[in-house]
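S.K.: Order-wise, the sequence lines are chains A and B. Residue numbers for the first sequence follow the numbering used here, so the first one is 6 and each next one is one higher. Residue numbers for the second sequence follow the numbering used here, so the first one is 6 and each next one is one higher. Heads up, the beta-carbon is just placed ideally off N, CA and C, and yes, glycines get one too. Right, I'll just put the structure down here and ask away after.
Number of protein chains: 2
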Amino acid sequence: MLTVRHFLAAVLFVCHASILHAQQTISMSSPDKAVLLTIGNNSTGNVTYRISYKGKNVIEPSGLGFVFSKPQITLTTFSITSTDSSTVDQTWKPVWGEVSQIRDHHKELAVTLAAKGSSGISVRVRFRVFNDGVGFRYEFPQQKALTHFVVDDEKTQFTFAADHKTFWIPGDYDTNEYLYNFTRLSEVDALSAANKEKDIALKSLVGADVIQSPLLAKTADGLYVSIFEAALINYPVMHLRLDKKALRLTAQLVPDAVGNKAYLQTPAQTPWRTIIVSDKATDLLSSKLILNLNEPSVITDPSWIKPQKFVGMWWEMHIGKANWEKANGKHGANTQNVKTYIDFAAKYGFDGVLVEGWNVGWEDWFGNWKENVFDFVTPYPDYNLDSLTAYAQRKGVRIIMHHETSGSVTNYERRMDAAFQYMVKEGINTVKTGYVGRIIPRGEHHDSQWMVGHYQRVAEKAAQYRIMLDSHESSRPTGLHRTYPNWMASEAARGSEFNNAPTLGITPEHTTILPFTRMLGGPMDFTPGLFRFKLNQFDSTRTTRVRTTLAKQLALYITIYSPLQMAADLPENYEKHLDALQFIRDVAVDWDDTKILAAEPGDYVTIARKAKGKTDWFLGAITDENSRDQTIALDFLDPGKTYEATLYRDAANADWQTNPEAYTIEKKQVTSQTRLPIHLAKGGGCAIRLVRQ
Amino acid sequence: MLTVRHFLAAVLFVCHASILHAQQTISMSSPDKAVLLTIGNNSTGNVTYRISYKGKNVIEPSGLGFVFSKPQITLTTFSITSTDSSTVDQTWKPVWGEVSQIRDHHKELAVTLAAKGSSGISVRVRFRVFNDGVGFRYEFPQQKALTHFVVDDEKTQFTFAADHKTFWIPGDYDTNEYLYNFTRLSEVDALSAANKEKDIALKSLVGADVIQSPLLAKTADGLYVSIFEAALINYPVMHLRLDKKALRLTAQLVPDAVGNKAYLQTPAQTPWRTIIVSDKATDLLSSKLILNLNEPSVITDPSWIKPQKFVGMWWEMHIGKANWEKANGKHGANTQNVKTYIDFAAKYGFDGVLVEGWNVGWEDWFGNWKENVFDFVTPYPDYNLDSLTAYAQRKGVRIIMHHETSGSVTNYERRMDAAFQYMVKEGINTVKTGYVGRIIPRGEHHDSQWMVGHYQRVAEKAAQYRIMLDSHESSRPTGLHRTYPNWMASEAARGSEFNNAPTLGITPEHTTILPFTRMLGGPMDFTPGLFRFKLNQFDSTRTTRVRTTLAKQLALYITIYSPLQMAADLPENYEKHLDALQFIRDVAVDWDDTKILAAEPGDYVTIARKAKGKTDWFLGAITDENSRDQTIALDFLDPGKTYEATLYRDAANADWQTNPEAYTIEKKQVTSQTRLPIHLAKGGGCAIRLVRQ
């Protein structure tokens, strides 16, 4: 493993400054020369960057800068006072992940800017040029001219060369649970897209031209370009405001209650603004640019952090078998019901049992902007947590705690220590947090700086108590699981629960887009594994349904990466398909290696992963609403070895609409030479376990 | 002690409903018949109340009601569906106070109102009629038509019969540290009054016609009327919006970050709206109406709550001898300096030593709206708290903790447990809290519902740790020290520190107004006891000065009631006047009885108090900028007993401007027959200790 420390090995310095009349430009290419970054500084002081990939324009000259509300100043014209560059090539090992080691190979260019005018303010923009894109951030060094400051607006631009087709969701300060739209930039209409979404309870839309990052563009000349951010700390989420004429996106930071965006104190820095680019869709999915821009783990002893699979008292509330609240007689989380789940988990080898609705407060938890909803330590009287944790322990299973805050974060922060202490006392080491509802402090948003700070505080405090974290309804991840590897997963997108949403549900293509957008930031607790597709099991009036085949549900355990994987359906539904359940029992949740075999956003994704510390591989292939035939080259297998492949595939007559439960399971002997033909039904998929003989 | 439980003894039911055409009226008089409350309900549904005192109109018919933003409804027309009445006469003992027992004698009228229209909402208005005024509150019973609701506006009115002269301070959501103005209602101009105040760092003014409660009116026909509130819990502070034409004040509730006033859930209730009235100024000062409207103590074992006197590392920072922050070389709170205070306290019998500036964070604590300022557990390296608490303990003194939040309350709430645990570990049982600066959660105000909740949370949590509380820059008290007797005192008004404010300072009349306004709500940590009057001791350029005589500083220990009394000046300044210091050493801080001997707001206050559990009395008399001669009848002394009176009085040539330090101390033998002539200099006072022989 080659590990070169930052700045110690400036192997190649390709930066060249050329003052041509009124324009100064500095260029830096990626280690493999595919990506070229060019910084310009014109006579009026505007500083721009542009990016090309293999000679194709990716980002046209795009501005940089800020407006502060305190001190009241606009920082958009600068002179370049110095530049510094270096090359880094190092390899690091994540605590868990899609691969066992990650190479961070980039060239860095730090450009120090002096603001024009009398402010005396100095800003540094640090660029890192990778083979698959560019990250840059603003740094505000400690300086006499600037100590405490308030960001009113960030002027970072991303200007496209053409009217690309893009995958986008509406800009919304409080939710990211939208379906993706796929339109040209000029056709973006965030408000009308959002208005079609009837099943999102809380929306804070920004405007017709504001969309969220990560944004994926697919260019006419064959590039895939992602605009996103990395290492979101102490700063609001970056949404994007679109200028359709200029084909330009500008950072739209999420405001706080009084309209400010960020309160900072030098030395300070923004998150990294990232542009990932490739001419292969598959390469975008294997990009480690976001992770590499995050800081190393702060957890020195991560031995207690364990990827895991779990079942839970959850989906039965969604489909009407039970309720979270106790009042109406169908309380799910009672001692006997949860024992059933513990028994099921123990019998089939699941590590954990999530229990929602266990604590008092659910009667009026939602929609009232109420502050004191839950106390996180008081079970409903019919839920004997003491006896259940003991029972689970005897069976080798752990209960997973649920902390639904209902958005009342002041209340949660007050009680967090007691809540975590209670978990420790009960021997519970994983918590699923929830932020359903309007945020308290009132006026803050899920995506504002204060809440971004909160999510980090939870991860930090959880780590103090050796607790693993799975956050729902939080802002979308930006690679912070590198720094806080106990922050295992987030929801932060439209997850499987929307299968039960009456209006749009989860379209077959949705899961083929997620890896290219939301999941670039980190693992998603999507909660796959639904084995029953019409959701009228307990309520015959329901017309909601799962829009996949059963085989696709299995394949999602591979295509949607997470070190926390739920088997979301009910024990009784699994008992009817124990042969298919076997794949979920077998599938790993931590990996030595990952191969993106085929992928096209909105169409299909095929991924193979090698189980951590083992010789087994698992493969998942999913398609959208179209059926597909693929031939998979198994050349990633150890040469000369035979593997027993167990294929969980759509039956010939499978179809998500007409015949979702039709699957076949077959075993084959394969080698690295094998080219495996697979058929994916409409809304279908294929899951394969490959065991080395 | 007569204790009649509420509602158990409806001794007199004087309520009579008379439907005369379109007007229904219900009347109730006070036990002594002096106060008459009349409720009217006209044909359009408006409900009004009016109050008279001994036949004089105090409050003209004034409306009641609400506007909710959720559900969106205006509740200003009602029909009366039922009334309920009772008489209460009970006596209770405060944990500490101005008197050892308090009689609560009132008649109660609960009027249940059905909102006109289709909402089906029911509201109860509960009136209590005392001999010295009326309190009423709105109650929202649990009901199908109303569960969670959001108050947008409260429509409670207080309509005066004439253009009274009133003592008022400008309406301001973040500070109550103004000097009082004395004008006719029609002459109120809150903005121009506020603009004269150059020494208040943070103002959130509301408008020219918005002033604060408590408001004191002095009527042409000889009445003193106070408009205020009691038991402010889970609701914003009530300011008052003035309609000059109608001579009507309407409740102006303090908004949160998004403009809402209060989030409530049935069963809910507002604080009590209070009208105290008397034809004697002295009676206003002995009113217990506010306390009687508060709930009994929730602290079952109050044995750890001890009134106390203290000195502190504080004033020397104000006058430029030292600094809070360590950076600049004049750090006050270093181990050696604090030892000096501990030695002084031990030598002269003070219980506590307040230490400000002890903990890291003061370098940039103010003005930056910074969230993570203090952690409340990290002393500056030159302050050895461990050794000091041990040192103090050996000398029989306790250090008083200081928690300056700088308004960053989210930060404080996160750290409060750790902060109190640290105090307990160090054997510290009193904390002075501070809220200097803009509030975080950003957009909240010092007086908004969330902050009102915070102050209560601090009192409650402090009680859990058996910690006594002295809150500065909080909203003004409303009698909650009955419910939380560990909440000993608040600042919540312009205190003695303003003696060092360059512009207006503390006018001589200010301390004669406080008892009639701010102090109706509870004890004030005014921090009297300044013995040096020109404040250029350590900075010869300063022109600030104390606008009293020395004798008046002593008298303030009686006229400004607090169970926590600071001797605010520096040890070296006290050492020069040890004979005068003797009064502060002797004066009690807890009382069996209190007699208001003479008082006129803005002019003078003379009060005698009997030390708790002792036979000694103490007397304080203060005047405004005018000199005065009074003759004090000592008829409150035990008949037939001789007392040694030690008089600390202005010398004949004393004058706050020209000769403030001129005082004489003399001893006299007195009895209950004695009529004691005293002379008060301009800005002067007189303090007397009376020891039974």
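1. Strictly by DSSP, which residues pair up with B:V358?
2. Name the DSSP bridge partner or partners of A:R654?
3. Please decide whether A:T152 counts as near chain B, where near means a Cβ-Cβ distance under 9 Å.
4. Using the three-state DSSP reduction, which class does A:F623 fall into: helix, strand or coil?
5. Between A:K121, A:A573, A:E202 and A:L393, which lies nearest to A:T79 when the distance is taken from Cα to Cα?
6. Compile a chain-ordered list of the residues in the segment 614–636 of chain A whose CB is closer than 7 Å to at least one CB of chain B.
7. Within the segment 379–458 of chain B, note down every full alpha helix (DSSP H) run reaching 4 residues or more, in order along the chain.
8. So which residues on chain A does B:Y268 lean against when the C-beta distance must stay under 8 Å?
9. When Cβ atoms are compared, which residues of the segment 413–447 of chain A fall closer than 7 Å to chain B?
10. Closer than 8 Å, Cβ to any Cβ of chain A: which residues of the segment 251–275 of chain B, in chain order?
11. If you follow the beta strand (DSSP E) that B:K600 is part of, which residue opens it and which one closes it?
12. Where does B:W661 sit, in a helix, a strand or coil, going by DSSP?
13. When the Cα atoms are used, what is the spatial distance from B:D356 to B:A350?
14. Under a CB-based cut-off of 9 Å, is B:V155 close to chain A?
15. Could you tell me the alpha carbon to alpha carbon distance between A:P260 and A:I205, rounded to whole angstroms?
16. May I have the straight-line CA-CA distance separating B:H26 from B:S48, to the nearest angstrom?
17. Which value, in whole angstroms, describes the spacing of the CA atoms of A:A573 and A:D591?
18. Starting from A:N46, trace the beta strand (DSSP E) both ways and give me its first and last residue.
19. By the DSSP assignment, the alpha helix (DSSP H) with B:Y579 in it spans what residues?
20. Between which two residues does the beta strand (DSSP E) containing B:Y240 stretch?
21. Could you have a look at B:P520 and say whether DSSP puts it in helix, strand or coil?
22. So which residues on chain A does B:D369 lean against when the C-beta distance must stay under 8 Å?
23. So what's A:S209 in DSSP terms, helix, strand or just coil?
24. Hey, quick one: how far does the alpha helix (DSSP H) through A:D530 stretch, first residue to last?
25. Can you tell me which of B:I612, B:G125 and B:V594 puts its alpha carbon nearest to the alpha carbon of B:L602?
26. Return the Cβ separation of B:M571 and B:G534 in integer angstroms, given the expectation that the two are a contact with Cβ distance under 8 Å.
27. Does the beta-carbon distance from B:D475 to B:S495 come in below 9 Å?
28. Beta-carbon separation of A:L258 and A:V242 under 9 Å?
29. Quick one: give me the first and last residue of the alpha helix (DSSP H) that B:I295 is part of.
30. With a CB to CB cut of under 7 Å and the five nearest residues on each side skipped, what residues in its chain are close to A:L294?
31. Output the distance between the C-alpha atoms of A:S74 and B:K203, rounded to the nearest integer angstrom.
32. Can you look up A:R633 in the DSSP assignment and give me helix, strand or coil?
33. Below 8 Å on the Cβ atoms is my contact criterion, and I expect B:I693 with B:Q635 to pass it. Report the Cβ-Cβ distance as a whole number of Å.
34. When you compare the CB of A:P449 with every CB in chain B, is at least one pair closer than 9 Å?
35. Taking the alpha carbon of A:N631 as the reference point, which residue from A:L652, A:E605 and A:A650 has its own alpha carbon closest?
M.R.: Looking at the coordinates:
1. For B:V358, DSSP records a beta bridge to B:V316 and B:I404.
2. BP columns for A:R654 point to A:T669 and A:C691.
3. So, interface residue.
4. The three-state reading of DSSP puts A:F623 in strand, counting E and B together.
5. The option with the nearest alpha carbon to A:T79 is A:K121.
6. Under the 7 Å Cβ criterion, the segment 614–636 of chain A contributes no residue.
7. Within the segment 379–458 of chain B, the complete alpha helix (DSSP H) runs of at least 4 residues are 390–399 and 414–430.
8. Chain A residues near B:Y268: N373, W374, K375 and E376.
9. Those would be T415, E418, R419, D422, P446 and R447, in chain order.
10. Going along the segment 251–275 of chain B in chain order, one finds D261, A262, V263, N265, Y268 and Q270 with a Cβ nearer than 8 Å to chain A.
11. That run of the beta strand (DSSP E) goes W596 to E605.
12. Here B:W661 sits in coil by DSSP.
13. Going by the C-alpha atoms only, they are around 7 Å apart.
14. Yes, contact with chain A.
15. In this structure, the straight-line span from the alpha carbon of A:P260 to that of A:I205 is close to 21 Å.
16. Only weak support is given to the placement of B:H26: the predicted model assigns it a pLDDT of 47, under 50, and the question is left unresolved by the model.
17. Here the alpha carbon of A:A573 sits roughly 16 Å from the alpha carbon of A:D591.
18. Unbroken beta strand (DSSP E) run through A:N46: V40 to N46.
19. Where B:Y579 is concerned, the enclosing alpha helix (DSSP H) stretches over P576 to E580.
20. Careful: B:Y240 lies outside any beta strand (DSSP E) and carries neither H nor E.
21. In the three-state scheme derived from DSSP, where H, G and I count as helix and E and B as strand, B:P520 is classed as helix.
22. Residues of chain A passing the Cβ test: T152, H153 and Q270.
23. Three-state result, A:S209: coil.
24. That residue, A:D530, is in no alpha helix (DSSP H); it is neither H nor E in DSSP.
25. Considering only alpha carbons, the answer is B:I612.
26. Yes, B:M571 and B:G534 are in contact; Cβ-Cβ is about 7 Å, under 8 Å.
27. Between B:D475 and B:S495, the C-beta spacing is below 9 Å.
28. Yes, these two residues count as a Cβ contact at 9 Å.
29. Start and end: L294 to N297.
30. Residues F135, D137, G138, G140, T279 and I281 of the same chain have their beta carbon placed closer than 7 Å to that of A:L294, with the five preceding and five following residues left out of the count.
31. In this structure, the CA atom of A:S74 is about 24 Å from the CA atom of B:K203.
32. Residue state for A:R633 is assigned as strand, using DSSP reduced to three classes.
33. So it is not a contact: roughly 12 Å between Cβ atoms.
34. According to the sequence displayed, residue 449 of chain A carries Glu and not Pro. Judged by the 9 Å Cβ criterion, A:E449 is in contact with chain B.
35. Minimum Cα-Cα distance from A:N631 among the listed residues A:L652, A:E605 and A:A650 corresponds to A:E605.
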